[in-house]
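A.B. asks:
In my numbering, the protein residues as written are 360 to 392.
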C-alpha cells in the first residue's frame, strides 16, 4: 500500500512537471512568434 502511494505521488509529480515544460515551450514559441 505504501509503495502504491509513492507510485501515485511520483506519477502526479511527473504529470505536473510535463505540464510545466509544455506550457514553458508554448510560452517561448508564443513569445518568439
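Just so you know, even glycine gets a beta-carbon here, dropped at the ideal spot from N, CA and C.
I need the straight-line Cα distance from residue 379 to residue 388, nearest angstrom please.
C.D. replies: Going by the C-alpha atoms only, they are around 14 Å apart.
A.B. asks: Do you know how far the Cα of residue 369 is from the Cα of residue 362?
C.D. replies: Cα to Cα, residue 362 sits roughly 11 Å from residue 369.
A.B. asks: Cα separation between residue 371 and residue 381?
C.D. replies: The alpha-carbon atoms of residue 371 and residue 381 are separated by roughly 15 Å.
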